[in-house]
Each structure stands twice: as C-alpha cells, then as structure tokens.
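Input: a single structure, listed below in structure tokens.
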Amino acid sequence: LKHGFIRIVLNQKLINLNTDILPTSLPSELLVVVDRLTLDMESRSRLVEALESAFRESEGRASVIIRDNEHLGYSAHLSCPGCGRTFPTPRPVSFSFNHPLGACPECKGFGNILRYDDRLLIPDPEKSLQDGAIEPWTKPSNVWWQKEMLKAFKKKNLDSTTPYNRLTQAERDLIWKGEGKLEGIDDFFKYLEGKRYKMHVRVFLSRYRSPSPCTTCQGTRLRPESLMVKIYECHIHEVCGWPLSDLQRWLQTLPLRTFEEAIAKDLLMALQSKLSFLLRVGLDYLTLNREMRTLSGGEAQRIHLATQLGCQLMGTQYVLDEPTIGLHARDTEAMGMILRELAERGNTVIVVEHDPQIIQQADYIVELGPLSGAQGGEVICAAPYQAFLKHPQSLTAQYLRGERTIPLPSTRRSGNGKTLQFTGVREQNLKNLTVNIPLGTLVCITGPSGSGKSTLAEATIYAALARFFKVDTPPQPDLAGMTGPDHLRTVCLIDQEPIGKTPRSNPITYIKAYDEIRALFAQSPEARAHRLTPAHFSFNTGKGRCLRCQGNGYEKLEMYFLADLYVPCADCEGKRFQEKILQVQVKGHSIHDILNLTVDQATVFFATSCPKVLKGLRVLQQLGLGYLTLGQPATTLSGGETQRLKIARELTNTPKRSAANSDHKGALYILDEPTRGLHLEDITRLLTVLHQLVEEGNTVLVVEHHLDVIKYADWVIDLGPGGGESGGHIVAQGPPEDIVNNPTSITGKYLKTLLVPN
Numbered sequence: 001l002k003h004g005f006i007r008i009v010l011n012q013k014l015i016n017l018n019t020d021i022l023p024t025s026l027p028s029e030l031l032v033v034v035d036r037l038t039l040d041m042e043s044r045s046r047l048v049e050a051l052e053s054a055f056r057e058s059e060g061r062a063s064v065i066i067r068d069n070e071h072l073g074y075s076a077h078l079s080c081p082g083c084g085r086t087f088p089t090p091r092p093v094s095f096s097f098n099h100p101l102g103a104c105p106e107c108k109g110f111g112n113i114l115r116y117d118d119r120l121l122i123p124d125p126e127k128s129l130q131d132g133a134i135e136p137w138t139k140p141s142n143v144w145w146q147k148e149m150l151k152a153f154k155k156k157n158l159d160s161t162t163p164y165n166r167l168t169q170a171e172r173d174l175i176w177k178g179e180g181k182l183e184g185i186d187d188f189f190k191y192l193e194g195k196r197y198k199m200h201v202r203v204f205l206s207r208y209r210s211p212s213p214c215t216t217c218q219g220t221r222l223r224p225e226s227l228m229v230k231i232y233e234c235h236i237h238e239v240c241g242w243p244l245s246d247l248q249r250w251l252q253t254l255p256l257r258t259f260e261e262a263i264a265k266d267l268l269m270a271l272q273s274k275l276s277f278l279l280r281v282g283l284d285y286l287t288l289n290r291e292m293r294t295l296s297g298g299e300a301q302r303i304h305l306a307t308q309l310g311c312q313l314m315g316t317q318y319v320l321d322e323p324t325i326g327l328h329a330r331d332t333e334a335m336g337m338i339l340r341e342l343a344e345r346g347n348t349v350i351v352v353e354h355d356p357q358i359i360q361q362a363d364y365i366v367e368l369g370p371l372s373g374a375q376g377g378e379v380i381c382a383a384p385y386q387a388f389l390k391h392p393q394s395l396t397a398q399y400l401r402g403e404r405t406i407p408l409p410s411t412r413r414s415g416n417g418k419t420l421q422f423t424g425v426r427e428q429n430l431k432n433l434t435v436n437i438p439l440g441t442l443v444c445i446t447g448p449s450g451s452g453k454s455t456l457a458e459a460t461i462y463a464a465l466a467r468f469f470k471v472d473t474p475p476q477p478d479l480a481g482m483t484g485p486d487h488l489r490t491v492c493l494i495d496q497e498p499i500g501k502t503p504r505s506n507p508i509t510y511i512k513a514y515d516e517i518r519a520l521f522a523q524s525p526e527a528r529a530h531r532l533t534p535a536h537f538s539f540n541t542g543k544g545r546c547l548r549c550q551g552n553g554y555e556k557l558e559m560y561f562l563a564d565l566y567v568p569c570a571d572c573e574g575k576r577f578q579e580k581i582l583q584v585q586v587k588g589h590s591i592h593d594i595l596n597l598t599v600d601q602a603t604v605f606f607a608t609s610c611p612k613v614l615k616g617l618r619v620l621q622q623l624g625l626g627y628l629t630l631g632q633p634a635t636t637l638s639g640g641e642t643q644r645l646k647i648a649r650e651l652t653n654t655p656k657r658s659a660a661n662s663d664h665k666g667a668l669y670i671l672d673e674p675t676r677g678l679h680l681e682d683i684t685r686l687l688t689v690l691h692q693l694v695e696e697g698n699t700v701l702v703v704e705h706h707l708d709v710i711k712y713a714d715w716v717i718d719l720g721p722g723g724g725e726s727g728g729h730i731v732a733q734g735p736p737e738d739i740v741n742n743p744t745s746i747t748g749k750y751l752k753t754l755l756v757p758n
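Position 463 of the sequence shown, counted from 1, bears residue number 463 in my numbering, the numbering being contiguous throughout.
As structure tokens, then:
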C-alpha cells in the first residue's frame, strides 16, 4: 500500500486490499499486482514499464498471469523455476579458485584446511603414554600435561606402559578428551590456541598440522555455484581431473548444436591447440588440476616448452638446461623432434645437455672442459656436429665415436639368496603390484615418465621400510604386505635434497672427516704451546671462530625490499677464524688454507699424515668430485653433487662385510635418477661406486632412465606401459636381457640397441 499497489492475487483470485476482507492466514509470499492491461501495439511501452517496476520491487522476479490463469514466471537473474534460488551470472573468474568470486569461501581456494594430524601428534603408535607417545607432551614446557595424564591412568588402574595402538577406545578417549577436571590433548591445543599471539606458539602449533580436504568443497577448491554450471553433465573440476589425452577426446566429440558450435568454435580450437602441444611433449598422463609443486623438474620444463611451441614465435633464442631430465628414451626422442621444429621456425635453440640422443641431433656443438671445477672452463671444441665428432681431445666425442664406453658387467649378480617382497601395492596409480627385489644386487626401476617409478621406490618401498626400521615417519603406503625386511640392516634414501640450509655445512664436515683434521691441527707443536684443543678449530663453536661473523666468514646486510647482501667479514676477511688460530699451521697450511683445498689437492696433502681423512677423500674422487673445495658451502652445490656426497658419506661411514662378520646385514640404498646432470664419464665413475656398495653386501635400488645404467643392472623392474592411469603395471621384471626380449616393454625396445649387436 505504501508503494501504491492495492491489489494482490491469492488462491488464483484478485483481491482489493481497500475493499476486500483478507483471510486470517496468509502465505509467506504474495503476488502483488503491478498493472493490468490488454496487450496490443499501443500498450507495449506500458508493459515494459510494468515489468521493470515488478523486477525492481521484487528483486528481479516477476509473474505474468494470462486469462484462464495461465501463469508465466520470469527472472532478471539466473534462477531455479522450482525453488526460486538465484545464482550469480557466470564469468570466467567464477571458475577460478584464485579469485574470490570462484574460490570456496571455507578454504579460500586451497582445497584443504590445516588441521591437527594424529600422525604428527603420535608419530610412533608403538610407544606407550609413559614412553612419550604424545609427542608435544615430551617438550620440557609441556611435561606437566603428561604427568597429569599419567596420574589419571594410575588412579583408574590403567596401564600407562601399553603401546598407544593397543589401548582401548575408552582409554584413547580419556587421552584426547579428558574427563572432568582432567584435560586431554584437545584441551591442550585449546589452551595453546589462546596464546597464538606469541610467535613461538604459532610455530609450535604449525608442527602438528597437516592439510586435509575441505569439507565444504570436497577438495574441488571452487564455490558450489561454480560447480553447478555443467557442460553435458560435467562440471569444470571433473573435466580438469581427466588425463590430457581423455580431455582432448572429449573436446573433439562434444555433441554441440549449430548455434553452440558457432559460439564455442574459436575457444575449442585454442584449447585443442594448447592440448596438442602438451601431448607432443609426452605429458598425456597429466591432469589440468595437477599442482605445479608436485611436478618433476622435467615435467615443468616440458610444460614451459609446450607454451613456447604454442606461441609460434620466430627469431627468438631459447636456452634450455637439460630438458631431458626425467625423460624416458621414447620421450627424449620426441623432445629432440620438438627442439628441431623450434629451430626450423627461425629460432635459435641453445641446450645444455649430456644425453647422446640430443647431442647427435645438434647442428653445432660447444664443449667445455677438459675436466671439472678449476680444471674446466675452457672451450675444448666449438664446431658443427660432424667436425666435433672427429675432434681428438673431446671426451664427449670419444664416447659418441665408441672409443670410450660404459662396459657391460662381466656377470649378472643373482643376489644373496634372500628376497624383499611387496604385495598388493596400490599407492597412487600402481595397480595391485607384487614386487620382488633380490637382495645383494643392483636393481633398476624403469618405465615411461609418469608410470609410477618414484611412487614405487619412495612412496611405497622406502616408506614401508622407513617405518619398519623407524628411521623416518612417512605416510603409511597403500600395500597388502611386506616380507623380507629382517634381512636388511636399514634403509637409506639418497636424494638430491640439500645437505644443509646454511653455508656452515660443507663436503668435509658432511662426510665426517673434519673432526680428524681438527685433531691433526690440535696436535701441532704451536697448538700445544697455546693449549688449543680441536674445538678451537671449529667454526661452529665460539672458542676459535671469528667473534664478529660467528664463523660464517661473511656478514649479512639486510636490504629490506631487495634481496639481502652478503659481504666478507671485516675482521677475519672471510677466513672464519681468529688470527691466533690462523697462525697455527700444518705443513705450511692454516686451517683456512685446508678448507680452500680441492679434494684432489687435499688427497695429496693428507696422503701420509691422516689416513682416516684420506679414505673419505678418495671416495669423493671416485665419484668425480675431486674439483670441490673441502669448505665449499653446501648451498652452492648442485643436486647431482649433493646426491654423490650422500653416497660418499655412506661409503665412508658404514660397516663393510668381511670374513670376520659374515652375518653382516646390508642396507637398502634408494636413489632417484642419480645420473641427473652427469656426463658419461661421471656416470662411469658412479656405476663403479654403486658396484662397490653392492659388493660390500648392500642392495642398491635406482630409479633411472639412462640406458647405460639400466644395462649395468642385475635386475630390472619395468613399469608401464604408459604414464598416469595407463601406467602402474609391471610390464616385465628380471635381468636386462629379459626386458629386451619382452615385446611389450618400451624400455626393452631402446635397451636392445645396447645389449644386442647390430
């Protein structure tokens, strides 16, 4: 009435609010009459005005009643005709989890929420409450909580020495929820949540949280409204979860009507063009919703390469650093064709590469050398491929000509008679595998990119054994059973993760040889005269290190909005030690001079004075690391150098099998692509060291694509036949010759060129 409307429709009857009597009960919604008219050409403008008024007064909803009570409903918005629910108008950002209009309001588009994780709170369920099963309660500041819980257990006559995983549900509820005035784990974290304003409390709480799927969006990262928009019963999250090969087929077979095809034609062409480039670089098994942080270096590089292919640029210079990292021989062949296509478009393609397949396709070769480190840095050859191939001093050319080769082993080891077996392996894309690993051998896991090699080696084999030997607490792998771990001493994952986050860590400290060097300096006459101990020659303690830079050798200048600068310490000039320490010399060398020696130089220096140090240095030489300086900061090492340092540490510090300890149990060493970034000469040295590890009673498991390593193995587990969902099967397992003779093995097809004479 206030807005001038005096008529409503109730039960299909027109009621005048001024004259008619209203019933006592009214529905929650009423139809208010805005206008009544007969539709003709003269009343057209009046109809438009009435509809605009109706939309304005009823928030975008209007009804038109025609004679005989035919009822037509209209909405200015997207809405459901049944329930009336309205939806926002779809925009491209509505389907992006990086934009507020598309992101799930609960998880903000992350797909998961950080929650307290039982596995982090109780990392070892075999421990009892008394032994510290509740990890946060073992901290000195939180011991009170554990003592109170132990008192409650004693008062209730409960056994606090029972392992956590054998407690009854009632006993676990007591630990988690408490009882009466007794506070449990839940109360403990509620108490700490009230102190989140303190930095150290926030850091402490973060240790016990892990991401879990968002309950609102179920991990899709999008708003419910975004998922209601579908193309032929498929919403965007479903489509983005398909392998790229399936997505391409779906786009090609969409049953579009004529007007839909006219609208979507350009978009579909652009989509299929981008997909075709990703498929050409061998990424058919990836999904569009795969997170970039989960991609391998090779996969990420191929995605960038596919992007450049799609740009159709000309006159551009591309620089690629080892694009074949993580690629199977089949994918490397495809990569070579793509690089050639880029060059034929009028671009210049510069590739840093060790793979013979790529080198052989190059037009021009620039080889640096002759060796590594200080003995490198010279241009050995810069010439077209055919001239390079004839160069007498080129180490690479010698391998390509066949003058140098990585030889086949004289015999294949059958192992020590014991087997490590995993059954019912279903982790990620693995399809209920039964995996046999003969102990005392060099084992290679092979297969196309994405076939599940790292999943089998790290997420399954390492995870299961690490939990068995209690050397790590990775997530429980999805497998039915494991037999034979009691035949091993331990398991060790030798990856390419940095060995230290600060420059204090270096090769000589990592292989545990620096203690011997410090002891050697402490025994010198000058050190004895000044009563210096080995601790004075450490840059990690305060006795002899520079007091200004605390033994770092540099000072950090905070640049706030720019990257921090590191400048040599003004007191020690980068030498790390106090002047009185630097005056102590052994054979004319101070401790600073020793740290600046290369491994090769140090081998000569310590040849007679320190045999324990010499042992580690010779292992580093065997691994091709003779060019590293003893004190080279760990932060400057490449992934390949880091991995070889870890191998050196194992060879230097683990017990060896001998006649005196014939019952010696070996370890299982797992390496993921150890040849990454290595020249063929370095691979030869690496294989010699891996052979040495096996000869000492250990088992070495290598995930590898390099054919020269595969041919050297005693046992091969070949996964496939493809990547992603089309992978995860064992195509063949056995000696390399068995892989070659298996017609379904893609690896065998390429391995055949090395094992079977032409």
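Even for Gly, the Cβ is constructed at its ideal location relative to N, Cα and C.
Straight-line Cα distance separating residue j from residue i
{"i": "F153", "j": "T168", "result": "13 angstroms"}
{"i": "A382", "j": "K390", "result": "12 angstroms"}
{"i": "L520", "j": "C610", "result": "8 angstroms"}
{"i": "D714", "j": "A466", "result": "24 angstroms"}
{"i": "F561", "j": "T502", "result": "22 angstroms"}
{"i": "G376", "j": "E704", "result": "27 angstroms"}
{"i": "I710", "j": "I739", "result": "10 angstroms"}
{"i": "V689", "j": "I683", "result": "10 angstroms"}
{"i": "M825", "j": "L565", "result": "Here the chain covers residues 1 to 758 and nothing more, so residue 825 does not appear."}
{"i": "A459", "j": "Q476", "result": "9 angstroms"}
{"i": "R644", "j": "Q386", "result": "34 angstroms"}
{"i": "N661", "j": "G424", "result": "Residue placement at N661 is flagged as unreliable, the pLDDT there being 49, under the threshold of 50; a coordinate-derived value is accordingly withheld."}
{"i": "K108", "j": "E193", "result": "21 angstroms"}
{"i": "K646", "j": "I236", "result": "45 angstroms"}
{"i": "P736", "j": "L687", "result": "16 angstroms"}
Rounded distance between the beta-carbons of residue j and residue i, thought under 8 angstroms
{"i": "V700", "j": "V443", "result": "7 angstroms"}
{"i": "T324", "j": "D355", "result": "5 angstroms"}
{"i": "R209", "j": "Y116", "result": "6 angstroms"}
{"i": "L719", "j": "H706", "result": "Not really, about 16 angstroms apart at Cβ, beyond 8 angstroms."}
{"i": "F539", "j": "R576", "result": "4 angstroms"}
{"i": "L420", "j": "P485", "result": "7 angstroms"}
{"i": "L222", "j": "G102", "result": "6 angstroms"}
{"i": "S505", "j": "A343", "result": "Incorrect: roughly 42 angstroms between the Cβ atoms, too far for contact."}
Cβ neighbour criterion (16 or more within 10 Å) applied to residue i
{"i": "S658", "result": "For S658, the predicted structure reports a pLDDT of 48, less than 50, and the residue's modelled location is therefore unreliable. The matter cannot be settled from this model."}
{"i": "C549", "result": "buried"}
{"i": "E49", "result": "exposed"}
{"i": "F388", "result": "buried"}
{"i": "D20", "result": "exposed"}
{"i": "L573", "result": "Checking the sequence, you will find Glu at residue 573 rather than Leu. Flag for E573 reads exposed."}
{"i": "I445", "result": "buried"}
{"i": "G326", "result": "buried"}
{"i": "R249", "result": "exposed"}
{"i": "P743", "result": "exposed"}
Proximity to residue i [Cα-Cα], best of the options
{"i": "N653", "options": "L614, H679, L686, G677", "result": "L614"}
{"i": "R280", "options": "F259, L295, D266, Q308", "result": "Q308"}
{"i": "E695", "options": "R618, L754, G440, Q523", "result": "G440"}
{"i": "S58", "options": "D159, F5, P477", "result": "F5"}
{"i": "T162", "options": "G402, D124, T608, P721", "result": "D124"}
{"i": "R302", "options": "G315, G219, V319", "result": "V319"}
{"i": "A602", "options": "V351, L625, K580, L582", "result": "L625"}
{"i": "K587", "options": "C569, L313, A463, T608", "result": "T608"}
{"i": "I380", "options": "E261, A634, E367", "result": "E367"}
{"i": "L182", "options": "M149, S206, T19", "result": "M149"}
{"i": "L617", "options": "C217, G60, A648, R401", "result": "A648"}
{"i": "R401", "options": "Q360, V351, S410", "result": "Q360"}
{"i": "Q272", "options": "E291, F110, L251, A262", "result": "L251"}
{"i": "G369", "options": "T753, S43, E681", "result": "E681"}
Three CB pairs or more closer than 8 angstroms across the segment 501-521 and the segment 721-734: no
Decide if the segment 669-676 is in contact with the segment 391-404; the criterion is three or more beta carbon pairs, one per stretch, under 8 angstroms apart. no
Flag this pair as touching only if the segment 243-263 and the segment 133-140 have three or more C-beta atom pairs under 8 angstroms; answer yes or no. no
Contact the segment 449-458 vs the segment 420-435: 3+ CB pairs below 8 angstroms: yes
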